[in-house]
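This report concerns only the one structure given below.
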Amino acid sequence: MTAATARRDATTTAPLELFDINRLLDDDERDIAATVRKFVDTRLKPHVGDWFESATLPRELAKEFGDLGVLGMHLDGYGCAGTSAVSYGLACLELEAGDSGFRSFVSVQGSLSMFSIHRYGSEEQKNEWLPRLAAGEAIGCFGLTEPDFGSNPAGMRTRARRDGSDWILSGTKMWITNGNLADVATVWAHTDDGVRGFLVPTDTPGFTANPIHKKLSLRASVTSELVLDNVRLPASAELPHARGLGAPLSCLNEARFGIVFGALGAARDSLETTLAYTQSREVFERPLSSFQLTQEKLANMTLELGKGVLLALHLGRIKDAGAIRPEQVSLGKLNNVREALAIARECRTLLGGSGITLEYSPLRHANNLESVLTYEGTSEMHMLSIGKALTGHAAFR
Ligand code: TGC
Ligand code: FAD
Numbered sequence: 365m366t367a368a369t370a371r372r373d374a375t376t377t378a379p380l381e382l383f384d385i386n387r388l389l390d391d392d393e394r395d396i397a398a399t400v401r402k403f404v405d406t407r408l409k410p411h412v413g414d415w416f417e418s419a420t421l422p423r424e425l426a427k428e429f430g431d432l433g434v435l436g437m438h439l440d441g442y443g444c445a446g447t448s449a450v451s452y453g454l455a456c457l458e459l460e461a462g463d464s465g466f467r468s469f470v471s472v473q474g475s476l477s478m479f480s481i482h483r484y485g486s487e488e489q490k491n492e493w494l495p496r497l498a499a500g501e502a503i504g505c506f507g508l509t510e511p512d513f514g515s516n517p518a519g520m521r522t523r524a525r526r527d528g529s530d531w532i533l534s535g536t537k538m539w540i541t542n543g544n545l546a547d548v549a550t551v552w553a554h555t556d557d558g559v560r561g562f563l564v565p566t567d568t569p570g571f572t573a574n575p576i577h578k579k580l581s582l583r584a585s586v587t588s589e590l591v592l593d594n595v596r597l598p599a600s601a602e603l604p605h606a607r608g609l610g611a612p613l614s615c616l617n618e619a620r621f622g623i624v625f626g627a628l629g630a631a632r633d634s635l636e637t638t639l640a641y642t643q644s645r646e647v648f649e650r651p652l653s654s655f656q657l658t659q660e661k662l663a664n665m666t667l668e669l670g671k672g673v674l675l676a677l678h679l680g681r682i683k684d685a686g687a688i689r690p691e692q693v694s695l696g697k698l699n700n701v702r703e704a705l706a707i708a709r710e711c712r713t714l715l716g717g718s719g720i721t722l723e724y725s726p727l728r729h730a731n732n733l734e735s736v737l738t739y740e741g742t743s744e745m746h747m748l749s750i751g752k753a754l755t756g757h758a759a760f761r
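So the sequence shown is numbered by the numbering used here: it starts at 365 and just counts up by one.
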């Protein structure tokens, strides 16, 4: 053992231990994070490389996520756990330490599909769908984006028109997570009275989901195009309390909040993986971790990871106090995804050639984070949201 190795063993501290983050959590929050981390380490991580390579997300994971209690965990009643926002965020962080695809599944199920029903649905809709979605016995998806309207959903072309008391929906939704797995789709459409939401059982005639292939990112996640060809729905399929574009945008706040925490899981896993690698990898007869240039990178990444977690926890406490504003969620999503992506890429450099394989997680995380940077509002949309809060000028159009 070299002198450098002996000193290292005596003094190493994990990145987030340096920030003493656990001191900021209560017992429940620590327990939930530890439970999800154990599930990710034992059930998901051993397989994630294969799922990423084969571009699959096994359907049976839905039930396992349900048993774990993470589906709609921040919602009350109807089989949901009713945890704090911080606990939900920590679960997202631990899931995304496995892969952004796992957090994406849970975000879409809990924060987009279930939240849209919980906030805007009728009592009948809630009873029909929420307990099964919470248990992972049914899967949901959320169709807002269209091929020509991603950042600007106000322009959506999907239309819902009345035919007697029925609704007829026509249009195409694009890039829809869980589309080919879903039993029910929350679909947003223009009507003569503005934007409305509809619950579309995916076995309804005229509804088709087409998987999107050849992805370089979020491969352990199902992404689909949804085609609605004169889909006839009863009046009871409309979400009765959703009125206008603000309804789907309010669901996005929930999912974006999960990403504020989640992206840091990908960053933490990248950094932990890389720290371990640099300690065992010898270059020029010394551990890679003993070089100043390596330590500069490790120190800077640790700072950004820790600052991101502090920001996420601060926003989580504001959310739990019922006071969070959409532009505050934008602050967290913009910063934490941007920094997580930078960390994952920097980690890849320290892994050298080994870093380009699925043997090590950082490049997989970096590729996933390219999607995370784009979905739930691109980084530019969040800059403009912050800019609007600062100046009062909406510069989107
Ligand atoms: P604008 O006129 O600003 O707003 C229309 C109405 O909506 C209200 N509103 C919000 N309400 C709640 N939360 C928010 N974040 C809101 N933002 C706006 C607003 O107050 C207004 O209400 P009212 O009552 O006055 O009518 O609308 P705009 O057309 O100018 O658009 C603003 C903009 C650009 C910020 C918005 O369109 C936007 O956020 N664009 C980004 C679209 C986006 O994020 N799409 C994500 C799709 S889902 C997804 O990506 C899932 S990824 C899978 C996963 O999570 O894993
Ligand atoms: P565009 O809106 O075409 O943006 C292209 C570029 O132009 C971006 O850099 C953008 O920031 C920039 N830009 C656009 N407008 C402006 C402006 N005013 N000023 C400056 N720059 C601008 N959507 C769903 O509804 N449900 C889902 O489940 C879902 N899952 C997804 C999963 C994956 C893997 C991906 C990649 C996407 C998913 N999306 C989903 C869609 C996602 O929300 C959109 O991709 C995103 O909102 C961006 O829209 P767009 O792709 O059309 O890009």
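The beta carbon of each residue, even a glycine, is placed where N, CA and C say it ideally should be. What you are looking at is a predicted structure, and each value in this text was computed from that prediction instead of being measured.
{"Item": "One question on the structure: do G696 and L380 come within less than 8 Å of each other, judged by their Cβ atoms?", "Value": "no"}
{"Item": "Residues in its own chain within less than 7 Å of T742 by CB, not counting five upstream and five downstream?", "Value": "S515"}
{"Item": "Under a three-way DSSP split, which group does A758 fall into?", "Value": "coil"}
{"Item": "Pull up the CB-CB distance for K537 and T509, whole angstroms please, since I reckon it's below 8 Å.", "Value": "6 Å"}
{"Item": "What is the DSSP secondary structure of P422, reduced to helix, strand or coil?", "Value": "coil"}
{"Item": "Is T541 near the ligand TGC, judged by its Cβ being under 7 Å from some heavy atom?", "Value": "yes"}
{"Item": "Compare the C-alpha of E703 against each of T713, A685, V673 and name the closest.", "Value": "V673"}
{"Item": "So is D527 buried or exposed if we call it buried at 16+ other beta carbons inside 10 Å?", "Value": "exposed"}
{"Item": "Let me confirm a value: V559 is counted as buried when at least 16 other C-beta atoms fall within 10 Å, else exposed. Which label applies?", "Value": "buried"}
{"Item": "For E734 and N700, what's the separation of their Cα atoms in angstroms?", "Value": "13 Å"}
{"Item": "Rank R483, V470, P511 by C-alpha distance to the C-alpha of A499 and give the top, closest one.", "Value": "V470"}
{"Item": "Which value, in whole angstroms, describes the spacing of the CA atoms of R423 and W539?", "Value": "19 Å"}
{"Item": "Quick one: does the C-beta of E740 sit closer than 7 Å to a heavy atom of the ligand TGC?", "Value": "yes"}
{"Item": "Once the 5 residues before and after S694 are set aside, which same chain residues still bring their CB inside 6 Å of it?", "Value": "H746, S749, I750"}
{"Item": "Specify, as a first and last residue, the run of the alpha helix (DSSP H) that I682 falls within.", "Value": "656 to 684"}
{"Item": "Three-state secondary structure (DSSP) at F513?", "Value": "strand"}
{"Item": "Does the structure place the stretch 634 to 648 close enough to the stretch 680 to 691 that three or more beta carbon pairs sit under 8 Å?", "Value": "no"}
{"Item": "Among R496, L737, D556, which residue has its Cα nearest to the Cα of T522?", "Value": "D556"}
{"Item": "Whose CA, out of H757, R689, V586, lies closest to the CA of G504?", "Value": "V586"}
{"Item": "Which same chain residues, not among the five before or five after L382, have their C-beta less than 8 Å away from its C-beta?", "Value": "T666, G670"}
{"Item": "Roughly how many angstroms lie between the CA atoms of G453 and H438, to the nearest whole one?", "Value": "9 Å"}
{"Item": "Got a sec, what are the start and stop residues for the alpha helix (DSSP H) E458 sits in?", "Value": "449 to 462"}
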